[in-house]
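Take a look at the structure below.
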Amino acid sequence: MGVELTHQYTEYRAMEDQEEMEEGVILTDWDIVYHVRDALLSVKTGDRSSYHQLVAVLHHRDRSAPDKVALLLTSLKALSGAVSYINDIDHVSLLQSIFGMSMWNCVPDVMDALLELVICLAASNGKYVDLCLDMLVNNFMPPMESDMLRHPRGQTKKDQVLPRVHTGLEVIVDLVPLAALKLSTTVVQKRPMFFRKDFNMDRLKVRMEIYLKNMLMLEGGAIREFVGNSVLMEVVNMMLELDVAIGWDELLRDDPNKGIFTMELEDEEEEADDDGQANDVELPSTLTLRNLGKNVTADLLDSLMIQLFEHLEACADKKRLSEVFETLLSSFLATILNTYKSKFSQEECCSYLFICLCVQFAIFYACALDPENCGVKFAQTLGDMFISNGNPPVTRMSAVAYLASYLARGKFLSTAFVVNMLKRLVDWCLRYCEEQDRDMNPKAHQAFYSACQGIMYVLCFHMKSIMNVPTLKSQLLLMPIEPILRHKLGPLEVCLPSIVNEFLKQAKAAHLFTISKAFIFEDLLESDLSRDFGGLERLDMFFPFDPCLLKRCDRGFIRPNFIYWNHVKTTYDDDEEDSSEEDIADDFGVVNEENFMEEGIARSFDRDIDLDEFDFVMNKMSITPKNTSGFHFGGERMPSKIRPSTSPESM
Amino acid sequence: MEGLTKSDANLTVYVHPSQSKNVDKAILRELSSLLFKYSQAFDGVVLAYSVDPQDNCAKILSGVHPYFGVRLRANLLIFSPKPNMLLEGKIVKITRGSIHCIVLGFSSAIITDENIRNELKYKAKHGEGVYVSRYHKRHVIKVGAVIRFVVKSLDEEILHISGSLIPANTGSVHWLDKYFVDAATESNKEAKTEEEMEMQEQIIVGTETLPSVNDHKVKKSKKRRRAEDQ
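Chains A and B, in that order, are what the protein sequence lines are. Under my numbering, read the first sequence as residues 792 to 1442, first letter to last. Under my numbering, read the second sequence as residues 150 to 379, first letter to last.
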């Protein structure tokens, strides 16, 4: 369509030129500029006819008539030469018409002319800078009423408009450097907001996706030096908002008397799955995931996260990941680190306890792309945050929970690095023990108990691999873990029993130290003491890097870099290996789960592996206790996928 | 270049109690917020500062949040362009209707064609616009060059300057420094020869008579042009 128009328009122009030649009337561009200048100046003298004609040209909606298009183009070009004669008192309607135009409705020639005019306006007078930036940022998305992005034509249009808009912004920033400051604010203000009750969710989704694309284009573009940071921070905020808005409550609150599994089974029976095939009877945890997949918010967040991941990959290719990572990290520290509250502080707090955010996986993936720099820096920053006395206890606990979860789950981290970080935590705990000569008090020593729990959690995942390397083994054996755990503060009694149990089991098998004290909480997931130290936010059960709930993100990006509990070899595996593997196979119908690992699980979509089944196994094998049937919270049994793994499974 | 001043200021910075852990950082952050923004208090834009705390004691401002006021002495570099000041800027764009330049790397300035003296004529060379003097062929204004211009007005919000190239002492800095000598300053110097004085007056008054220095070169170029025309 656009191509056709251009073609027609070129022909028309040629014809027009020829006619003019024949008639002997030759107007140069500059003559037209003078004409427009006169029209603009004549407004002051009261003669508005030429001015009104000019405004009318800009309002022609019929973009298919070549003569109208030619007139529009000529007028725009002439206006570019006369911008210094435009003022915001006499020419309000002209300015409104210019700034109301959308490039998405124009042919490429007109787009160029409009862009040039906007650039000239921005450079001509400080008053117009804001309006010009607003106009260009509005062009990040097609007009509100338009559905063009659903058609192939819309995609072509997108490829025509977006590069022009970004070039325009870059030129304006070159000409008016301080416009960069305004641009950051404009981009933040113009961001489409997410309303769960939006009447046209599909359109909102498309608009948010394309807006994110633009934000990332700005972040990767020539003016990233000025706007990159604030734009990236806004990207994270946008995702965080979505993440918090995911309708978990709808999933869980539908009918308090109905079990979650029953409800999901019904839903699944009604609808076909992602591939368009009818569902067979599925097992509960898979269904939970599917149900989440159909959640519009989660789906939107999933696709936005994928865009961000791809952007991070592009940054890594251009060797500028560390630059982006700095911003991500500060954004993480400023917002994400403490955002669990928004979920946990809900009225029915128990129902929400187990929901982790998904946004933190952006930083996880950045670390996976560059483990030596970003990966190490992330862990060290969290370590510093925890150790620094200046931070409030809640932040410190959150930091150590993130650190422990990150060290446990990051497949890309070397065992030696994990041991180093553990040593740092152990040293801090030892110093703390030496300073404190008091008895157990979960509320007063929250940070200490979190650190102990973190250490044990990491060791549950890594003890075997540490023991396999003699130097690391000796380092671990030299760590004063035993005196810490045996201290009067009683961390073994306060931390989550499930983690303590698994840790003790592995420590015993590895001969890490002797355990004389018997613990009686075999089947408990948590104790009152752990609840106490976790506080209202339940930081005792906060493991942020539990498997990612966003399906496409997880499969495409996170899974290859992620350690699942069922792939962890425990120190007692050797003794029970045969029986336990058989159990798994029997229980879940998996023939040889190790093969998944060897073949490179996540990116090999072409292989005939039923990923949903795989999800299920992953999930089932996470460290959630087997005895889930006896485990109730808030009167509802939680689907295991939503529930973060809270304790190592007793194998 | 005019418009830059240094000033000593006695300031009181009010620090939020949450920043009390690191007051130095809080002060620097507060002062940094002044940078590159027009401030009415200073009647200009703060470009740089150095601080010297005056007192170890701070005054507590009673209220819901007990802000504390730290008194300090700051040395500020202020940019305050005023009408008729001479500024210098680097040219970023030239069109038939305007010259755009950036002053001190952050403030944009525009000189529209009605504010460009007739002596300077627009030409498109190799697809790029330049302004060339009709009388001094070496006086060329092109993208990347630095020009000196007179301030006409200033948009304080975005620090957008509207300038003028009407006065004779404006134009390309490169050319002005080499060939243009201000009569007002130089006339005091007694050591000047009459010949030189005459030449400068010609340049400043400027327009009709050609200066003796460039005389024969200009003529040469005219000859050349005639030869080309023929």
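From the three backbone atoms N, C-alpha and C, an ideal C-beta is built for every residue, glycine too.
Requested in this report: Measure the alpha-carbon distance for Ser915/A versus Ser188/B and round it to whole angstroms.
Outcome: Position 124 of the first sequence, counted from the first residue, corresponds to residue 915/A. Position 39 of the second sequence, counted from the first residue, corresponds to residue 188/B. Cα to Cα, the separation comes out at about 23 angstroms.
Query raised in the report: Taking 8 angstroms as the CB-CB limit, is Leu236/B close to chain A?
Result: Locating residue 236/B in the second sequence gives position 87, where the first residue counts as 1. So no, Leu236/B is outside the interface.
**Report entry** Counted within 10 angstroms of its Cβ, other Cβ atoms place Glu277/B as buried (16 or more) or exposed
**Finding:** Position 128 of the second sequence, counted from the start, is the residue given in the question as residue 277/B. Under this definition Glu277/B is an exposed residue.
Query raised in the report: Comparing the C-beta of Lys918/A with each C-beta of chain B, is any distance below 8 angstroms?
Result: Residue numbering aside, residue 918/A sits at position 127 when the first sequence is read from its first letter. It does; some Cβ of chain B falls within 8 angstroms.
**Report entry** Backbone CA spacing between Asp820/A and Leu862/A [nearest angstrom]
**Finding:** Position 29 of the first sequence holds residue 820/A. Position 71 of the first sequence holds residue 862/A. It is roughly 13 angstroms from the alpha-carbon of Asp820/A to the alpha-carbon of Leu862/A.
Query - Ser1265/A to Ser1289/A span [Cα, whole Å] - result: As a working mapping, residue 1265/A is identified with position 474 in the first sequence. As a working mapping, residue 1289/A is identified with position 498 in the first sequence. In this structure, the alpha-carbon of Ser1265/A lies about 27 angstroms from that of Ser1289/A.
**Report entry** Cβ-based burial, Glu1060/A [other Cβ within 10 Å; buried from 16]
**Finding:** Looking up residue 1060/A in the first sequence gives position 269. Because Glu1060/A sits at a pLDDT of 34, beneath the cut-off of 50, its placement in the model cannot be relied upon, and the following sentence gives the value as read from the coordinates. Residue burial is scored here from C-beta neighbours: Glu1060/A has fewer than 16 other C-beta atoms within 10 angstroms and is therefore classed as exposed.
Query raised in the report: Near Pro166/B, what residues of its chain come up, given a Cβ to Cβ distance below 8 angstroms and the 5 sequence neighbours on each side ignored?
Result: On the second sequence, residue 166/B is found 17 positions in, with the first residue counted as 1. Result list for Pro166/B: His214, Pro215, Tyr216 and Phe217, in chain order.
Query raised in the report: Whose C-beta lies closer than 7 angstroms to the C-beta of Asp364/B among residues of the same chain, with five residues either side of it excluded?
Result: Position 215 of the second sequence, counting from 1, holds the residue named residue 364/B. Low local confidence applies: a pLDDT of 39 at Asp364/B is under 50, so the model's placement there is unreliable, with the coordinate-based value given in what follows. Excluding the 5 residues flanking it on each side, Asp364/B has no same chain C-beta neighbour closer than 7 angstroms.
Query raised in the report: My guess is that Pro232/B and Val219/B are in contact by the Cβ rule of under 8 angstroms, so how many angstroms apart are they, rounded?
Result: As a working note, residue 232/B is residue 83 in the second sequence. As a working note, residue 219/B is residue 70 in the second sequence. Wrong, their Cβ atoms sit about 37 angstroms apart, outside the cutoff.
Report task. Measuring only between beta-carbons, confirm whether Val928/A sits less than 8 angstroms from chain B. Result -> Within the first sequence, residue 928/A is the residue found at index 137, counting from 1. Not one chain B Cβ lies under 8 angstroms of Val928/A.
Query raised in the report: Who does Leu235/B pair with in a DSSP beta bridge?
Result: Here the question's residue 235/B lines up with position 86 in the second sequence. Paired residues: Val299/B.
Requested in this report: Thinking Leu969/A and Phe185/B are a contact (beta carbons under 8 angstroms), I'd like their distance in whole angstroms, please.
Outcome: Here residue 969/A is taken as the residue at index 178 of the first sequence, counted from 1. Here residue 185/B is taken as the residue at index 36 of the second sequence, counted from 1. Right, their Cβ atoms sit about 7 angstroms apart.
Requested in this report: Starting from Val1260/A, follow the alpha helix (DSSP H) in both directions and report where the run begins and ends.
Outcome: Taking the first sequence and counting its residues from 1, the one referred to as residue 1260/A is at position 469. Element bounds for Val1260/A: n/a, residue is neither H nor E.
Query raised in the report: From the beta carbon of Asp879/A, is the nearest beta carbon of chain B less than 8 angstroms away?
Result: The count along the first sequence starts at 1 and reaches residue 879/A at position 88. Cβ-Cβ to chain B under 8 angstroms: no for Asp879/A.
Requested in this report: With 8 angstroms as the threshold, decide whether the Cβ of Arg178/B is near any Cβ in chain A.
Outcome: In the second sequence, counting from the first residue as 1, residue 178/B sits at position 29. Not closer than 8 angstroms to any Cβ of chain A, the Cβ of Arg178/B fails to qualify, so no.
**Report entry** chain A within 8 angstroms of His309/B, Cβ atoms only
**Finding:** Along the second sequence, read from residue 1 onward, the residue named residue 309/B stands at position 160. For His309/B, the answer is yes, since a Cβ of chain A falls inside 8 angstroms of its Cβ.
Query raised in the report: Along chain B, which residues have their Cβ under 7 angstroms away from the Cβ of Pro934/A?
Result: Here the question's residue 934/A lines up with position 143 in the first sequence. Listed by position along chain B, the residues whose Cβ is nearer than 7 angstroms to that of Pro934/A form an empty set, because the closest Cβ is around 28 angstroms away.
Requested in this report: Please go through the same chain and pick out, in chain order, the residues whose beta-carbon is closer than 6 angstroms to the beta-carbon of Tyr163/B, but skip the five residues on each side of it.
Outcome: Taking the first residue of the second sequence as 1, we reach residue 163/B at position 14. These residues qualify, in order along the chain: Tyr216 and Gly218.
Query raised in the report: Gly959/A touches chain B at which residues, Cβ-Cβ below 7 angstroms?
Result: As a working mapping, residue 959/A is identified with position 168 in the first sequence. Correct list: empty, because the minimum Cβ distance to chain B is about 14 angstroms.
Query raised in the report: Hey, would you say the C-beta of Trp821/A is under 7 angstroms away from at least one heavy atom of the ligand PLP?
Result: Within the structure as shown, the ligand PLP is missing, as the structure has no ligands at all.
**Report entry** Arg266/B at chain A interface by Cβ criterion, 8 angstroms
**Finding:** Position 117 of the second sequence, counted from the start, is the residue given in the question as residue 266/B. It does not: the Cβ of Arg266/B has no partner Cβ on chain A nearer than 8 angstroms.
Query - Same chain only: Cβ atoms within 7 angstroms of Val928/A, ignoring 5 sequence neighbours per side - result: If you number the first sequence from 1, residue 928/A lands on position 137. Here the set comprises Thr977, Val978 and Lys981.
Query - Contacting positions in the stretch 962-996 of chain A - beta carbon closer than 9 angstroms to chain B - result: Contact residues of the stretch 962-996 of chain A toward chain B are Val962, Asp965, Leu966, Val967, Pro968, Leu969, Ala970, Leu972 and Lys973 (C-beta to C-beta distance below 9 angstroms).
Report task. Give a yes or no on whether the C-beta atoms belonging to Ser229/B and Thr154/B are separated by under 8 angstroms. Result -> Along the second sequence, read from residue 1 onward, the residue named residue 229/B stands at position 80. Along the second sequence, read from residue 1 onward, the residue named residue 154/B stands at position 5. Yes, Cβ-Cβ distance for Ser229/B and Thr154/B is below 8 angstroms.
Report task. Take Val200/B as the anchor and find which of His285/B, Ile209/B, Gly246/B and Ile176/B has the nearest alpha-carbon. Result -> Residue numbering aside, residue 200/B sits at position 51 when the second sequence is read from its first letter. For Val200/B, the closest C-alpha among the options His285/B, Ile209/B, Gly246/B and Ile176/B is that of Ile176/B.
**Report entry** Selection from Val322/B, Ala258/B and Tyr280/B that minimises the alpha carbon distance to Val967/A
**Finding:** By 1-based counting over the first sequence, the position of residue 967/A is 176. For the residues Val322/B, Ala258/B and Tyr280/B, the minimum Cα distance to Val967/A belongs to Ala258/B.
Requested in this report: Report the neighbours of Gly872/A on chain B: residues whose CB is nearer than 8 angstroms to its CB, in chain order.
Outcome: Along the first sequence, one-based indexing puts residue 872/A at 81. Residues of chain B passing the Cβ test: Thr244, Arg245 and Gly246.
Query raised in the report: In the DSSP assignment, what residue or residues form a beta bridge with Asp304/B?
Result: Here residue 304/B is taken as the residue at index 155 of the second sequence, counted from 1. Looking at the DSSP output, Asp304/B sits in a beta bridge with His309/B.
**Report entry** Alpha-carbon to alpha-carbon, Cys1286/A and Lys1234/A
**Finding:** By 1-based counting over the first sequence, the position of residue 1234/A is 443. By 1-based counting over the first sequence, the position of residue 1286/A is 495. One alpha carbon belongs to Lys1234/A, the other to Cys1286/A, and they sit about 12 angstroms apart.
Query - Paired residues, beta bridge with Leu184/B - DSSP - result: The residue you call residue 184/B lines up with position 35 of the second sequence. For Leu184/B, which the question treats as bridged, DSSP gives the partners Val195/B.
Query raised in the report: With C-beta atoms as the reference, is Pro1183/A less than 8 angstroms away from Gln1237/A?
Result: Within the first sequence, numbered from 1, the residue matching residue 1183/A stands at position 392. Within the first sequence, numbered from 1, the residue matching residue 1237/A stands at position 446. It is not a contact, given that the beta carbons lie outside the stated cut-off.
Query raised in the report: Name the DSSP bridge partner or partners of Lys270/B?
Result: For the purposes of this step, residue 270/B is taken as residue 121 along the second sequence, with counting starting at 1. According to DSSP, which records beta bridges pairwise, Lys270/B is partnered with Val281/B.
Requested in this report: Return no unless some Cβ of chain A is closer than 8 angstroms to the Cβ of Ile240/B.
Outcome: Mapped onto the second sequence, residue 240/B falls at position 91. No, its Cβ sits nowhere closer than 8 angstroms to a Cβ of chain A.
Report task. Just the C-alpha distance for Thr356/B and Val194/B, rounded to the nearest angstrom, thanks. Result -> Taking the second sequence and counting its residues from 1, one reaches residue 356/B at position 207. Taking the second sequence and counting its residues from 1, one reaches residue 194/B at position 45. Reliability of the predicted coordinates at Thr356/B is poor, the pLDDT of 38 falling under 50, and the value obtained from them is presented with this limitation in mind. Cα atoms of Thr356/B and Val194/B: separation of roughly 37 angstroms, rounded to the nearest angstrom.
Query raised in the report: Which of the three DSSP states, helix, strand or coil, is assigned to Ser1189/A?
Result: Locating residue 1189/A in the first sequence gives position 398, counting from the first residue. Helix.
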